[in-house]
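Worksheet: the structure to be examined is printed underneath.
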Amino acid sequence: MTSATSPTNPPPLDAPPLLSVITPTYNEAGNILVLLENLERALAEVTYEIIVVDDDSPDGTWQLAEDHAAAHPLVRVLRRFHDKGLSPAVLAGMELAEGRTLAVIDADGQHDESILAAMARRVDSGEADVCVGSRNSDGGSYGDWSRGRRLVSWVATLIARLFLRVPLTDPMSGYFVISREAFEDAAPDVNPQGFKILLEFLGRRPELSVAEMGYTFRSRTAGETKLNSSVIRSYLLAVFDLRFGHMVKPQLLLYTLVGLAGVGVNFGAIVVGEAVGLGSITTGSEAIDPLAIPVVVGLLAQLVMTFTANNWFTFWENRYQGSRLLVGFGLFAVISAYGLMIQFAVAKWFDTLNLGGGLLSEGVAAALHQLIAILVAFQASYFLNVNLTWRRRERDEALRAVG
Ligand code: GDD
Ligand code: MN
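Going by our numbering, the first residue of the sequence shown is number 25, and it counts up by one from there.
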């Protein structure tokens with residue numbers, strides 16, 4: 025890489041700094057300046073740059089950061105308007121970074137910046153590809169976290185170790201340093217929607233070597249957390265995607281699980297309806313009388329249950345709330361009815377084709393046709409629900425709803 029420089033060459037650009045610190049921000053107006061000052065103090069002994077990546081915070085975090093940057097040349101601000109979200113923000117900052125090592129740190133003061141320079145040195149010296157700030161290793165602690173939050177973190181750690189075999193005591197950590205080489209190597213494979221950017225890097229590149237440094241998690245000084253109860257769900261999805269994502273999309277898996285549970289609810293409702301004498305079902309070779317009351321009750325129960333579960337589980341990011349629930353349910357019901365029609369039509373069509381040619385008994389053939397029909401209808405309804413009912417809306421809208 026080095027080349028002989030003749031005196032006539034222009035002076036070389038400043039060498040890349042040891043460390044680029046990326047700090048994602050969303051509504052951190054009460055914290056950002058404190059963070060920048062703390063970082064500047066903690067990094068006085070090393071070469072660094074700081075990149076604040078703000079998703080156009082309504083509270084004007086970007087403005088405060090830009091004003092600060094005007095007087096501090098080592099600070100840059102990236103204000104983003106599209107593709108908002110924590111992981112995309114971090115990746116965008118990393119793409120701008122010029123340091124030999126890249127760090128991610130929360131802007132709210134929860135991550136102890138006093139160990140940052142040491143983490144960067146350990147990566148820069150080649151001791152490890154990644155150094156993670158950990159609440160579980162020597163010298164680390166969860167500060168004043170409740171037992172409940174500690175338990176969640178403990179379970180999450182267990183899951184990551186079992187499924188991903190990552191050598192981390194704190195896989196949920198959002199505080200780490202990665203070498204430029206490791207970042208550039210893994211970045212093309214990283215899922216930008218992935219929830220935990222650290223797990224993305226280590227999950228995609230298990231061969232990366234990891235070091236840890238303990239620190240005490242501090243309480244937020246101002247503002248509020250953006251990561252709410254959906255964190256656990258997103259976490260499980262991210263782990264699933266890293267482990268099995270090449271085989272099946274996590275969202276389709278959730279949708280399928282909900283669908284199967286719905287069939288269970290349907291049968292359960294029919295059985296209960298029957299038991300309490302809501303009506304009678306004609307059995308035998310004749311199909312079930314479609315107007316029998318328990319069947320209708322069963323279908324309704326299935327519809328309500330699957331909509332609710334899909335809304336709060338499968339498609340959480342785009343969920344309906346308040347009066348809009350009715351809109352969502354209406355769409356879902358129409359699509360479900362449409363799916364049922366497809367199912368009947370496909371099954372009928374296969375019946376008329378008589379593919380088995382008498383090889384299969386009539387009952388087995390009918391069951392097989394029903395199964396194919398269900399798969400076709402399921403696929404169609406999944407497609408419509410993803411693209412119509414729960415199509416991606418802007419993150420801000422969802423955030424406002426969480427509000
Ligand atoms: N640009 C941008 N866009 N920044 C965001 C966004 C976003 O959509 N959402 C959150 N941030 C920023 C916040 O402003 C904060 O600086 C940082 O990302 C972490 O968000 P918090 O809302 O503070 O998350 P947390 O404290 O609940 O979660 C922390 O602890 C978890 C472990 O328990 C984070 O460090 C997580 O990464 C960590 O897993
Ligand atoms: Mn935080």
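Note that CB positions come from ideal geometry on N, CA and C, so glycine has one too.
What are the partner residues of residue i, as DSSP defines its beta bridges?
i: Thr49; result: Asp78
i: Ile202; result: Leu126 and Val154
i: Ser44; result: Glu73 and Leu126
i: Glu61; result: According to DSSP, which records beta bridges pairwise, Glu61 is partnered with nothing at all.
i: Val101; result: Val76
i: Glu236; result: Val156
Relative to ligand 1, is the shortest distance from any of its heavy atoms to the C-beta of residue i smaller than 8 Å?
i: Glu52; result: yes
i: Ser245; result: Here the sequence assigns Thr to residue 245, which means Ser is not the residue at that position. No.
i: Met143; result: no
i: Gly22; result: Since the first and last residues shown for the chain are 25 and 427, residue 22 lies out of range.
i: Val77; result: yes
i: Gln134; result: yes
i: Leu120; result: no
i: Gly238; result: no
i: Gly269; result: no
i: Gly123; result: no
i: Ser177; result: yes
i: Val255; result: yes
i: Ala113; result: yes
i: Leu260; result: no
i: Lys220; result: yes
i: Leu281; result: no
i: Gly14; result: Because the chain here runs from 25 to 427, residue 14 falls outside it and cannot be looked at.
I need the DSSP call for residue i, collapsed to helix, strand or coil.
i: Ala333; result: helix
i: Ser138; result: helix
i: Ala422; result: Only weak support exists for where Ala422 lies, its pLDDT of 49 falling under 50; the value from the coordinates is given anyway. Residue state, collapsed to three classes: helix.
i: Gly283; result: helix
i: Leu379; result: coil
i: Arg242; result: coil
i: Tyr344; result: coil
i: Tyr166; result: coil
i: Arg416; result: coil
i: Met196; result: coil
i: Leu327; result: helix
i: Val143; result: Position check: residue 143 holds Met in this sequence, whereas Val was assumed. Helix, per DSSP.
i: Ala39; result: coil
i: Val190; result: coil
i: Lys220; result: coil
i: Leu408; result: helix
i: Ala121; result: coil
i: His270; result: coil
i: Thr249; result: coil
i: Leu67; result: coil
i: Phe339; result: coil
i: Asp132; result: coil
i: Leu384; result: coil
i: Ala316; result: coil
i: Val321; result: helix
i: Ser27; result: For Ser27, the predicted model reports a pLDDT of 44, less than 50, meaning its position is unreliable and no value from the coordinates is stated.
i: Glu90; result: helix
Check the C-beta distance from residue i over to residue j and give it rounded, since I have them as a contact under 8 Å.
i: Asp80; j: Arg104; result: 6 Å
i: Ala293; j: Ala333; result: Rounded, the Cβ-Cβ distance is 15 Å, inconsistent with contact.
i: Leu355; j: Thr413; result: 5 Å
i: Leu102; j: Ser44; result: With 8 Å as the limit, Leu102 and Ser44 do not qualify as a contact, their Cβ atoms being about 12 Å apart.
i: Ser138; j: Ala66; result: 5 Å
i: Pro212; j: Glu122; result: In fact, because the Cβ distance is near 19 Å, the residues do not count as touching under 8 Å.
i: Arg242; j: Gln394; result: Arg242 to Gln394, Cβ: 58 Å. No contact.
i: Ile359; j: Leu408; result: 5 Å
Flag residue i as yes when its Cβ comes closer than 8 Å to any non-hydrogen atom of ligand 2, and as no otherwise.
i: Thr85; result: no
i: Thr47; result: no
i: Thr249; result: yes
i: Asp168; result: no
i: Asp130; result: yes
i: Gln345; result: no
i: Gln367; result: no
At the 9 Å Cβ level, is residue i part of the contact set with chain C, yes or no?
i: Asp136; result: The structure shown contains no chain C, having only a single protein chain.
Legend entry - Inter-stretch contact at 8 Å, needing at least 3 Cβ pairs: the segment 272 to 279 / the segment 196 to 206: No: fewer than three Cβ pairs fall under 8 Å.
Legend entry - Inter-stretch contact (C-beta, 8 Å, three-pair minimum) for the segment 82 to 91 and the segment 54 to 63: Segment contact: the segment 82 to 91 against the segment 54 to 63, three or more CB-CB distances shorter than 8 Å; contact assigned.
Inset, instruction - For the segment 141 to 154 and the segment 97 to 117, state whether three or more C-beta atom pairs, one from each stretch, are separated by less than 8 Å. - result: In short, these stretches do not touch, since the Cβ pair count stays below three.
Legend entry - Cβ contact (3+ pairs, closer than 8 Å) linking the segment 160 to 170 and the segment 200 to 218: The segment 160 to 170 is not in contact with the segment 200 to 218.
Legend entry - the segment 394 to 404 touching the segment 340 to 355, judged by at least three CB pairs closer than 8 Å: As far as the Cβ criterion goes, the segment 394 to 404 does not touch the segment 340 to 355, which means the pair count is below three.
Inset, instruction - Determine, using beta-carbon pairs with one atom in the segment 223 to 236 and one in the segment 176 to 193, whether at least three such pairs fall under 8 Å. - result: As far as the Cβ criterion goes, the segment 223 to 236 touches the segment 176 to 193, which means the pair count is three or higher.
Legend entry - Touching by the beta-carbon criterion (3+ pairs, under 8 Å), the segment 43 to 50 and the segment 61 to 79: With a cut-off of 8 Å, the segment 61 to 79 and the segment 43 to 50 count as touching, because enough Cβ pairs lie within range.
Inset, instruction - Determine contact between the segment 343 to 352 and the segment 363 to 374, defined as no fewer than three beta-carbon pairs at a distance below 8 Å. - result: A contact between stretches requires three or more CB pairs, one per stretch, nearer than 8 Å, and the segment 343 to 352 fails this requirement with the segment 363 to 374.
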